[in-house]
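Novice: Convert by adding 691 to the 1-based position in the sequence shown; the result is the number in the working numbering. Note that CB positions come from ideal geometry on N, CA and C, so glycine has one too.
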Amino acid sequence: MSSYNNRNTEPALWVERFADYLYSIACIQVNDKEQAKDLVSDTFLSALQNLDNFRGESSEKTWLTRILNNKIIDHYRKSSTGSKNLKHYLESSDEQFYQTFFEPSYLSEYHWKGNNSPSKNEQFTDYLITNSEFQLALEHCLNQLSPKLKPIFVAKFIHEADSETICKEFEISSSNYWIIIHRAKLLMRTCLEHKWLNGKA
């Protein structure tokens, strides 16, 4: 436990200042209010235990958010059924999945099938993640992703972790990583088009 001689932090005010903010992030990521509360509590505890590591190079809010993000990633990694089962899941369903979106030549050239091709203005790009107009639809669509896709998608596009870090954290190969990201983006685009771009409830 730190002796707490870091004047740049005020742990006594963390709950008042940051609890609601951290809780909202956790709720979106894990879709479980009780689990979100536990993650926030663990975040504060971990921060208290590592006060000496806080050098004031970022704000308390940023530092605490980073700790929470790591807790969320660890939560999903521990709850995963393992890289072997994940690999089996991906391989066993790839053909059926891709036949929905691509012509038979998808393995070499990725030709979109019919209306599945996104228009120039509807490409699923990173800015959608932070656009406030998408928040409700985004939360809904994130929760539609399977437990095997969601944490990796979140780590990539919300936590902005690099591919090497994600592969290490989730114990997956780089090839499986790209399959997961590609699949999740397709599913998210389809869902967002339905929930937001087409104005459907």
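When the distance is taken between beta carbons, is A710 closer than 8 Å to I764?
Specialist: no
Novice: Thinking T734 and I758 are a contact (beta carbons under 8 Å), I'd like their distance in whole angstroms, please.
Specialist: The beta-carbon distance between T734 and I758, rounded to whole angstroms, is 5 Å. This is short enough to meet the 8 Å contact definition.
Novice: Mapping the DSSP letters down to three states, classify Q787 as helix, strand or coil.
Specialist: Residue placement at Q787 is poorly supported in this model, since its pLDDT is 49, which falls under 50; the coordinates are not used for a value here.
Novice: So is K839 buried or exposed if we call it buried at 16+ other beta carbons inside 10 Å?
Specialist: buried
Novice: Taking the CB atoms as reference points, tell me whether K728 and Y712 lie closer together than 8 Å.
Specialist: Going by C-beta atoms, K728 is not nearer than 8 Å to Y712.
Novice: Have a look at K724, L755, E860 and N744 and flag the residue whose alpha-carbon is nearest the alpha-carbon of R708.
Specialist: Out of K724, L755, E860 and N744, the CA that lies nearest to the CA of R708 is found in L755.
Novice: Roughly how many angstroms lie between the CA atoms of K841 and H885, to the nearest whole one?
Specialist: 19 Å
Novice: Around the C-beta of V721, are 16 or more other C-beta atoms found within 10 angstroms, so that it is buried, or is it exposed?
Specialist: buried
Novice: Taking DSSP as the reference, what is the three-state secondary structure of R708?
Specialist: Note: R708 maps to helix in three-state DSSP.
Novice: Can you tell which of S732, D723, E725 and Q726 has the C-alpha that lies nearest to the C-alpha of W705?
Specialist: S732
Novice: Near N760, what residues of its chain come up, given a Cβ to Cβ distance below 6 Å and the 5 sequence neighbours on each side ignored?
Specialist: H850
Novice: Which same chain residues, not among the five before or five after S784, have their C-beta less than 7 Å away from its C-beta?
Specialist: Residue placement at S784 is poorly supported in this model, since its pLDDT is 49, which falls under 50; the coordinates are not used for a value here.
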